[in-house]
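In our numbering, the protein residues as written are 12 to 186.
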């Protein structure tokens, strides 16, 4: 009598072959996925580095523009302090001229340096000399307040005509 049903050994052998084939396919799929993952990771790193470089360049340009604006403002402030010092007498003139010299020195030191360098220098100075830094900040605040106050309260001259058509000068306070 012929047994048409597979024997137990045949089933075991087929199961083993099927399991081996499934293992090979899984290993192959895993290798393919690993290769794809490495490729994607490399591409992401490359794009991230390119993006970081672009952001760094843009930030450097912006920082340079900020530095240039700060230098220009410091130059104008120094000029204004000299003008105010020339118009003042005594201790006030000395203080304003001293501040003008200090602002000019700071302005000159800002030229050609990166914003990161400047911040690191300021932080280092503040750590080494906290009292001097606080006094300097207070003096800078005083000078800025005086500069802003004198700019807004300056007299403006306006020319008008009187009732007979003759020009007259009228002083107007701004502020």
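Note that beta-carbon positions come from the ideal geometry of N, C-alpha and C, so glycine has one too.
Please read all numbers here as calculations on a predicted model, not as lab measurements.
Below 9 Å between beta carbons: does that hold for residue 137 and residue 144? Contact: yes.
Roughly how many whole angstroms lie between the Cα atoms of residue 22 and residue 30? When rounded, the separation of the alpha-carbon atoms in residue 22 and residue 30 is 12 Å.
Rounded Cβ spacing between residue 95 and residue 107 (contact assumed at less than 8 Å): Correct: roughly 5 Å between the Cβ atoms.
Take the Cβ of residue 77 as the centre, count every other Cβ of all protein chains shown within 10 Å, and call the residue buried at 16 or more, exposed below. By the neighbour-count rule (16 or more Cβ atoms within 10 Å), residue 77 is not buried but exposed.
Please state whether DSSP places residue 12 in a helix, a strand or coil. For residue 12, the predicted model reports a pLDDT of 47, less than 50, meaning its position is unreliable and no value from the coordinates is stated.
If you drop the 5 nearest sequence neighbours on each side, which residues of the same chain put their C-beta closer than 7 Å to that of residue 150? Cβ within range, chain order: 110.
Which of helix, strand or coil does DSSP assign to residue 50? Secondary structure at residue 50: helix, using DSSP grouped into helix, strand and coil.
Answer with buried or exposed for residue 92, where buried requires no fewer than 16 other C-beta atoms within 10 angstroms of its C-beta. Looking at its Cβ environment, which holds 16 or more other Cβ atoms inside 10 Å, residue 92 is buried.
Do residue 115 and residue 84 have their CB atoms nearer than 9 Å? Taking the C-beta atoms as reference points, residue 84 is found no nearer than 9 Å to residue 115.
Could you tell me whether any Cβ in chain D is nearer than 9 Å to the Cβ of residue 92? Considering every chain present, this structure includes no chain D. It has just one protein chain.
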